[in-house]
Amino acid sequence: MSETKQRVLITSALPYANGPLHFGHIAGAYLPGDCYARFKRLEGEDVLYICGSDEYGVAITLSAETAKRTPKEHVDIFHKINKDFFDQIGISFDHYSRTTCDSHQEPVYAFFNDLLKNGFIEERITDQLYSEQDERFLADRYVVGVCPKCHYENARGDECGKCGTAYEATDLLNPRSKLTGAPLVRRATKHWFILLEKLKDRLAEWIETKKWKPNVINFIRQFIKDLHARAITRDSDWGLPVPLEGAEGKVLYVWFDAPIGYISATMEWAKLQGDESKWKDYWFNPETKLVQFIGKDNIPFHAAIFPAMVMGQNLPYKLVDELPANEFYNLDGKQFSKSEGWYIDLEDFFRSYSADQIRYTIAANAPETQDSEFTWKDFQSRCNADLLGKYGNLVNRVMIFAQKNCEGKIPSPGLLEEIDNTFLKNIKMLCEESREAYDTFRLRKASQLIMELAQIGNTYFDAKHPWKDVKNPDTFPRMETTIFLCCECLKALAIVSYPIIPETASKLWKFLGFQSEIETIRSKEVLSSPLESGISLGKSEILFRKIEDTEIETEMEKLKKMSECSLKSKSLKTKPLEKIKEAIDISDFQKIDLRVGQILEATKVPKSKKLLQLTVDIGTEKRTILSGIGNRYTPEELISKKVLVVANLKPALIMGIESQGMVIAGLGEAGPELPDVPDLPVGTVVQ
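Just so you know, we're using this note's numbering here: the sequence shown kicks off at 575 and counts up by one.
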């Protein structure tokens, strides 16, 4: 009787088709998902790996307008760009779909109608934030304002970045458009809300059955406690229209329809297989293992909101079994940002380096429990010390030696010595540990074990000194045993490294003379069966090249220049002194009210390269003042600093924020410099 295969349904978060992906995205949801899918296929499981582009939402309409494109033209562009990137970096989706596909509407409407009939959706007339200047309602992601709890001046539309409070955008004080700075007003509009609080108890009970990462469980427990009704519709013409009479001009909100995209993508896959009902074998089978790979910013939707939607509708969809949410992956200490010039040009990267090099680098430093980062120096070290120095070195020396001294074939092993038995035992142990690491989503550990396996192979080769044994007929069989066991190590190395560096592992597999493709094997069977002696080895090649210091220096300089160019940093060259302005009367000067102020808070203004938002105590009151000193000072170093403030300057709206004064600064060679007045009391009049 054949062994029953477990069905494993794997998803990675649907990337939003509003811009290109970068390596930071790959580290969170896609490389971990791909490695797990490749591992499970080698295990012989029935794997279906699904993803696709998330293509609706107000953000896309606004970006499309700016680019003078229709929303469909806009998503078509980024759907292709991102799909091509996934192909380039070797993400092995079984199907990559999009939420604008023909299969998407049916399951979304089924969810909506079930939830409505079951009492989990209700219609409400509510006040939403409206921009009279732009003549449109704005989604919360395009709203900023004052936090209703801690009064942070630049809180987001759904959550305060300072105190962490979640709220509706309408709860904000002094709301304004994040895009134009225009003030927003409340305007009554009809929308439909999902009553998440009705599913709170079921969710809380369900989440306690999960043994997910502590960072996921701890966050979602609190999130579920605070669940409340959320609007699931928007005023727009881009999206799935609300399927009700009287809902003209309303579409389903993107966070409602997007997770159903996993289901519609599987439906589309089934149609392409010629069996339109085949998707049910995965989504309706309680024995299916559903694993969803996401970044930490998607935890609320995948651990609470989408499960609540599944619980509230009528079909027997699978609830997620495993949710390996990773932290953020940054670039040399900062978030990847094309707008700030802080990114890696992918076209340039793939001209110089391989997908396996970046895959291994990300995996070896994966952001599994805390944020991690890519640096060019670490990339060089991983490539040279690990991939070239350990992995590539073992492959090269064994293959060259076997071609030269074993007639290019896998030799026959002789009597095993203690060192040989220990070597085989260690190979088996590392393979088992690697299997455990992949099965528990620990790519860092798996990467470490790959290199341990390569290293014990190098150590064994050196300890057995086959280059000596080959010279003596009496020890020639000992040499053959050594090379046979080294080939066994290479076989194991190809299998355990395939999920992370598939292109390299596939080459190594062919070096060993296998006619099959490595992705078609069953790892347990192959690892438990010895190699067949006498099989001709394939032609080998150098797997990795050395990355020189000069290359890395060039890449680091390129990154620096892109950032400087994007930030439009002021030149540090000495500027000629400006002419003194026209003389004024003393009475004109006396109109200026200069006071000593003390900076209590300082934050960067979003989308500005140099503006800082300061909260300044001027003695009689606290003021919000914007100052263009962000290229010279960090927010942290300004806290408690005393400054000179023009206290009677008329308020001005800058970047959508009302600035209630001006901080005096001198323009030096290094940028604006604040006068130092540490001994003057706050509120002192300066004459």
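For every residue, glycine included, the Cβ atom is placed at its ideal position computed from N, Cα and C.
Worksheet entry | Assigned exposure category for residue 1143 - 16 Cβ within 10 Å defines buried | Here residue 1143 corresponds to residue number 569 of the sequence shown, with the count starting at 1. Bear in mind that the predicted position of residue 1143 carries a pLDDT of just 43, short of 50, making it unreliable; the figure below should be weighed with that in mind. Classification of residue 1143: exposed, given that the 10 Å Cβ count is below 16.
Worksheet entry | Spatial distance of residue 836 from residue 632 (CA atoms) | For the purposes of this step, residue 836 is taken as the residue at position 262 of the sequence shown. For the purposes of this step, residue 632 is taken as the residue at position 58 of the sequence shown. Distance between the alpha carbons of residue 836 and residue 632: 21 Å.
Discussion item. Pairs of beta-carbons, one from the region 970-979 and one from the region 1024-1043, closer than 8 Å: are there three or more?
Written reply: yes
Practice prompt. Go through the region 1159-1213 residue by residue and report every complete run of the alpha helix (DSSP H) that reaches 4 residues or more, in order.
Written response: For the region 1159-1213, the continuous alpha helix (DSSP H) assignments of 4+ residues that do not extend past its boundaries occur at 1160-1163, 1209-1212, in sequence order.
Discussion item. Quick check on the DSSP output: the alpha helix (DSSP H) that includes residue 843 runs from which residue to which?
Written reply: Taking the sequence shown and counting its residues from 1, the one referred to as residue 843 is at position 269. Start and end: 835-846.
Practice prompt. Report the residue ranges of all alpha helix (DSSP H) runs contained in full by the region 617-703; include only those spanning at least 4 residues, in chain order.
Written response: Inside the region 617-703, DSSP marks whole alpha helix (DSSP H) runs of 4 or more residues at positions 632-640, 645-662, 679-691, from first to last along the chain.
Discussion item. Measuring straight from C-alpha to C-alpha, what distance separates residue 1068 and residue 1058?
Written reply: As a position in the sequence shown, residue 1068 is number 494, starting the count at 1. As a position in the sequence shown, residue 1058 is number 484, starting the count at 1. Roughly 15 Å between the two C-alpha positions.
Practice prompt. Could you have a look at residue 735 and say whether DSSP puts it in helix, strand or coil?
Written response: The residue labelled residue 735 in the question sits at position 161 within the sequence shown. Residue 735 falls in the coil class under three-state DSSP.
Worksheet item: For residue 1013, does the three-state DSSP call read helix, strand or coil?
Response: Counting from 1 along the sequence shown, the entry for residue 1013 is found at position 439. In the structure shown, residue 1013 sits in a helix (DSSP, three-state: H, G or I).
Discussion item. With H, G and I counted as helix, E and B as strand and the rest as coil, what does DSSP make of residue 1129?
Written reply: Taking the sequence shown and counting its residues from 1, one reaches residue 1129 at position 555. Here residue 1129 carries a helix assignment [DSSP, helix/strand/coil].
Fill in: Helix, strand or coil at residue 766 [DSSP, three-state]
Residue mapping note: residue 766 aligns to position 192 of the sequence shown, counting from 1. Residue 766: strand per DSSP, three-state reduction.
Item to complete: Indicate the three-state DSSP secondary structure (helix, strand or coil) for residue 1096 in the structure shown.
Response: Numbered from 1 along the sequence shown, position 522 holds the residue referred to as residue 1096. In the three-state reduction of the DSSP assignment, residue 1096 falls in the coil class, being assigned neither a helical nor a strand state.
Discussion item. What does DSSP give as the partner residue(s) for residue 904 in the beta ladder?
Written reply: Position 330 of the sequence shown holds residue 904. In DSSP, residue 904 forms a bridge with 947.
Worksheet entry | Length-filtered (4 minimum) alpha helix (DSSP H) runs lying within the region 760-813 | 774-781, 788-799
Discussion item. Judging by CA-CA distance, which residue of 768, 1088, 683, 735 is the nearest neighbour of residue 818?
Written reply: Within the sequence shown, the letter at position 244 stands for residue 818. Closest by alpha carbon: 683.
Practice prompt. Compare the C-alpha of residue 1204 against each of 826, 1178, 1225 and name the closest.
Written response: Residue 1204 sits at position 630 when you count from the first residue of the sequence shown. Closest option to residue 1204, Cα to Cα, is 1178.
Fill in: Beta-carbon contacts of residue 832 that lie in its chain and below 7 Å, excluding the five residues immediately before and after
Taking the sequence shown and counting its residues from 1, the one referred to as residue 832 is at position 258. Closer than 7 Å at Cβ, skipping near neighbours: 588, 628, 673.
Fill in: Residues that DSSP places opposite residue 899 in a beta bridge
On the sequence shown, position 325 is the one that residue 899 refers to. According to DSSP, which records beta bridges pairwise, residue 899 is partnered with 868.
Practice prompt. Give a yes or no on whether the C-beta atoms belonging to residue 811 and residue 702 are separated by under 9 Å.
Written response: Along the sequence shown, one-based indexing puts residue 811 at 237. Along the sequence shown, one-based indexing puts residue 702 at 128. No, the pair does not count as a contact, with Cβ atoms beyond the cut-off.
Fill in: With 16 other Cβ atoms within 10 Å as the buried cut-off, status of residue 605
The residue labelled residue 605 in the question sits at position 31 within the sequence shown. So residue 605 counts as buried.
Worksheet entry | Rounded C-alpha distance that separates residue 918 from residue 1193 | As a first step, residue 918 must be located in the sequence shown, where it is residue number 344. As a first step, residue 1193 must be located in the sequence shown, where it is residue number 619. Cα to Cα, the separation comes out at about 47 Å.
Item to complete: Would you check if the distance between the CB atom of residue 594 and the CB atom of residue 694 is smaller than 9 Å?
Response: Translated into positions along the sequence shown, residue 594 becomes position 20. Translated into positions along the sequence shown, residue 694 becomes position 120. The answer is no: Cβ separation not under 9 Å.
Worksheet item: Three or more beta-carbon pairs under 8 Å between the region 1000-1014 and the region 926-935, yes or no?
Response: Contact between the region 1000-1014 and the region 926-935 is not established, with fewer than three Cβ pairs separated by less than 8 Å.
Fill in: Between the CA atoms of residue 850 and residue 680 - distance to the nearest angstrom
Residue mapping note: residue 680 aligns to position 106 of the sequence shown, counting from 1. Residue mapping note: residue 850 aligns to position 276 of the sequence shown, counting from 1. About 13 Å.
Item to complete: Could you tell me the distance, in whole angstroms, from the CA atom of residue 916 to the CA atom of residue 596?
Response: Sequence index remark: in the sequence shown, residue 916 carries index 342 (1-based). Sequence index remark: in the sequence shown, residue 596 carries index 22 (1-based). So the two alpha carbons sit approximately 11 Å from each other.
Worksheet item: Whose CA, out of 777, 736, 712, lies closest to the CA of residue 763?
Response: Residue mapping note: residue 763 aligns to position 189 of the sequence shown, counting from 1. Closest in alpha carbon position to residue 763, among 777, 736, 712, is 712.
Worksheet item: Would you report the Cα separation of residue 880 and residue 886, rounded to the nearest angstrom?
Response: Stepping through the sequence shown from its first residue, residue 880 is reached at position 306. Stepping through the sequence shown from its first residue, residue 886 is reached at position 312. Distance from the CA of residue 880 to the CA of residue 886, rounded to the nearest whole angstrom, comes to 10 Å.
Discussion item. Let me check understanding here. Comparing Cα to Cα, which of 1248, 1027, 721, 1015 lies closest to residue 999?
Written reply: Taking the first residue of the sequence shown as position 1, residue 999 is located at position 425. Taking only the C-alpha atoms, the option nearest residue 999 is 1027.
Discussion item. At the 9 Å Cβ level, is residue 930 part of the contact set with chain C, yes or no?
Written reply: Among the protein chains of the structure shown there is no chain C, as only one such chain exists.
Fill in: residue 753 and residue 719 closer than 9 Å at C-beta
As a position in the sequence shown, residue 753 is number 179, starting the count at 1. As a position in the sequence shown, residue 719 is number 145, starting the count at 1. The Cβ atoms of residue 753 and residue 719 lie no closer than 9 Å to each other.
Worksheet item: For residue 858, does the three-state DSSP call read helix, strand or coil?
Response: One-based indexing of the sequence shown puts residue 858 at position 284. Note: residue 858 maps to coil in three-state DSSP.
Worksheet entry | Cβ neighbours of residue 858 in the same chain (closer than 6 Å, five flanking residues each side left out) | Your numbering for residue 858 matches position 284 in the sequence shown. Closer than 6 Å at Cβ, skipping near neighbours: 890.
Practice prompt. Would you tell me roughly how many angstroms separate the C-alpha atoms of residue 1200 and residue 704, rounded to the nearest one?
Written response: As a working mapping, residue 1200 is identified with position 626 in the sequence shown. As a working mapping, residue 704 is identified with position 130 in the sequence shown. The straight-line gap from Cα to Cα measures roughly 25 Å.
Discussion item. I need the straight-line Cα distance from residue 732 to residue 1250, nearest angstrom please.
Written reply: What you label residue 732 is simply residue 158 of the sequence shown in a count that begins at 1. What you label residue 1250 is simply residue 676 of the sequence shown in a count that begins at 1. Approximately 39 Å, taken between the alpha carbons.
Item to complete: With a threshold of 16 other CB atoms inside 10 Å of the CB of residue 1061, please say whether the residue is buried or exposed.
Response: In the sequence shown, residue 1061 corresponds to position 487, counting from 1. The residue is buried, with at least 16 neighbouring Cβ atoms inside 10 Å.
Fill in: Contacting residues, own chain, Cβ-Cβ under 7 Å from residue 1265 (five flanking each side not counted)
The requested residue 1265 is not part of the displayed model; the chain covers only 575 to 1261.
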